[in-house]
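Heads up, the thing below is written out as structure tokens.
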Amino acid sequence: MAEITASMVKELRERTDAPMMDCKKALTEAEGDMTRGEEILRVRFGNKASKAAGRVAAEGTVGISISADGKTGAIIEVNSETDFCAKNDDFLKFVRELAEVVAANDPADIAAVAALKIGDSTVEEVRTNLIGKIGENITPRRFLRINAQGKLASYVHGSKIGVLVDVVGGDETLGKDIAMHIAAAKPKSLDASGVAPELIEAERRVAIEKAKEAGKPDAMLEKIADGTVQKFLKEVTLLSQPFVKDDKQTIEQLLKSKNASVASFIMYVVGEGIEKVVTDFAAEVAAAAKL
Numbered sequence: 004m005a006e007i008t009a010s011m012v013k014e015l016r017e018r019t020d021a022p023m024m025d026c027k028k029a030l031t032e033a034e035g036d037m038t039r040g041e042e043i044l045r046v047r048f049g050n051k052a053s054k055a056a057g058r059v060a061a062e063g064t065v066g067i068s069i070s071a072d073g074k075t076g077a078i079i080e081v082n083s084e085t086d087f088c089a090k091n092d093d094f095l096k097f098v099r100e101l102a103e104v105v106a107a108n109d110p111a112d113i114a115a116v117a118a119l120k121i122g123d124s125t126v127e128e129v130r131t132n133l134i135g136k137i138g139e140n141i142t143p144r145r146f147l148r149i150n151a152q153g154k155l156a157s158y159v160h161g162s163k164i165g166v167l168v169d170v171v172g173g174d175e176t177l178g179k180d181i182a183m184h185i186a187a188a189k190p191k192s193l194d195a196s197g198v199a200p201e202l203i204e205a206e207r208r209v210a211i212e213k214a215k216e217a218g219k220p221d222a223m224l225e226k227i228a229d230g231t232v233q234k235f236l237k238e239v240t241l242l243s244q245p246f247v248k249d250d251k252q253t254i255e256q257l258l259k260s261k262n263a264s265v266a267s268f269i270m271y272v273v274g275e276g277i278e279k280v281v282t283d284f285a286a287e288v289a290a291a292a293k294l
């Protein structure tokens, strides 16, 4: 049997907000598998147990640059150690310039970004100087450059959520509205074909387990799971989501009314998927004492 440590329980607690002992029981049942443990808690407590998926654990900002004709653009995430650094004017200037050179030069990967030029200096030279000035590590993490089928629109919310969307047809207002909607509703894909199969399978498993616990007959389980999956897909796909400014129509209906479509979109949330190193030893000891 896998050893269930205090740090594992603490991590699952932070992911789910479930009670500490329930986290320990879930991990024990899952034999230490964090993802499976989260699924077990979702069956027990509902979708509340996945709310921490939207939380982030690293600081920084998102930068976006779009060409004058709206046909080429880039989005980049640059991480810092603290939010104080992320609000520094020199840091923000670096991120803006970085987005511009990525859009203009189309580097192959994040490693190639370091060799690009900002003025007479390389990105790496500018980054190193900025680290020396601010006193924090600063790291370009990821980027995407888009050649639009239509015209690019963007939206950055509080420097932490950035959206770049390729809208075919419509006008500038529509593009901005769609970008703002994406930042607010956080769809996983344009339509159902873009949702990862493992996410769909996880929803199906959770639905079946919850139905079993509710005493539903075996003959109904697949039908219940199908309904749950369909509801999930409507919630996480852009075209099926109710428009945030008018929930009486979906994004698909809004686009049709404007004779427009969305070719693609990208959304970056600062720190998504990154965890800070836990340095609060006292909290760790306290968590262990509760087990």
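In terms of my numbering, the sequence shown opens at residue 4 and continues consecutively.
Ideal placement from N, C-alpha and C gives every residue a C-beta, glycine not left out.
In the DSSP assignment, I254 falls within the alpha helix (DSSP H) that extends over 254 to 260. Of the candidates Y271, S157, F97, the residue whose Cα lies closest to the Cα of K189 is Y271.
The closest CA to that of I113, considering only G173, I78, A228, is found on I78. Distance from C88 to E62 at the Cβ level is roughly 7 Å; contact confirmed, criterion being Cβ atoms closer than 8 Å. The region 115 to 173 contains, as complete alpha helix (DSSP H) runs of 4+ residues, the segments 126 to 137 (chain order).
For D249 and H184, the gap between their C-alpha atoms comes out near 11 Å. Under the three-state reduction of DSSP output, A5 falls in the coil class, being neither helix nor strand. One alpha carbon belongs to K163, the other to A263, and they sit about 28 Å apart. Linking E84 to V168 through their CA atoms gives a straight-line distance of about 29 Å. Per DSSP, the unbroken alpha helix (DSSP H) holding E32 starts and ends at 23 to 32. Inter-residue distance for V159 and S68 is about 11 Å (C-alpha atoms, whole angstroms). Using a 10 angstroms sphere on the CB of G153, the tally of other CB atoms reaches 16 or more, which defines it as buried. When beta bridges are read from the DSSP output, A77 appears opposite S68, R148.
Under the Cβ criterion (8 Å, minimum of three pairs), the region 223 to 241 counts as touching the region 186 to 203.
The bridge partners DSSP lists for N82 are G63, T142. The shortest C-alpha to C-alpha distance from T253 to any of S260, K259, S243, K261 is the one to S243.
Across the set K90, K237, K136, V81, the C-alpha of V81 shows the shortest separation from the C-alpha of L101. A distance below 7 Å separates the beta carbons of V98 and G66.
Under the three-state reduction of DSSP output, P110 falls in the coil class, being neither helix nor strand. Approximately 6 Å separates the beta-carbon atoms of G76 and A106; this is inside 8 Å, confirming the contact. With fewer than 16 neighbouring CB atoms inside 10 Å of its own CB, E175 falls in the exposed class.
Across the set S267, M23, K27, the C-alpha of S267 shows the shortest separation from the C-alpha of N150.
Looking at the DSSP output, I269 shares a beta bridge with L167. A direct Cα-to-Cα measurement between V273 and K261 gives close to 32 Å.
Residue F94 holds the alpha-carbon nearest to the alpha-carbon of G135 among F94, G172, F146. For the region 205 to 246, the full-length alpha helix (DSSP H) segments reaching 4 residues or more read 221 to 239 along the chain. If you draw a straight line from the Cα of V239 to the Cα of R47, it comes to about 22 Å.
In this structure, A182 sits near A156, with a CB-CB distance shorter than 7 Å. Sorting T38, D86, E14 by C-alpha distance to the C-alpha of G161 places D86 at the top.
Boundaries cannot be given for G35, as no alpha helix (DSSP H) includes it and DSSP labels it neither H nor E. Just so you know, the alpha carbons of K28 and D109 end up roughly 49 Å apart.
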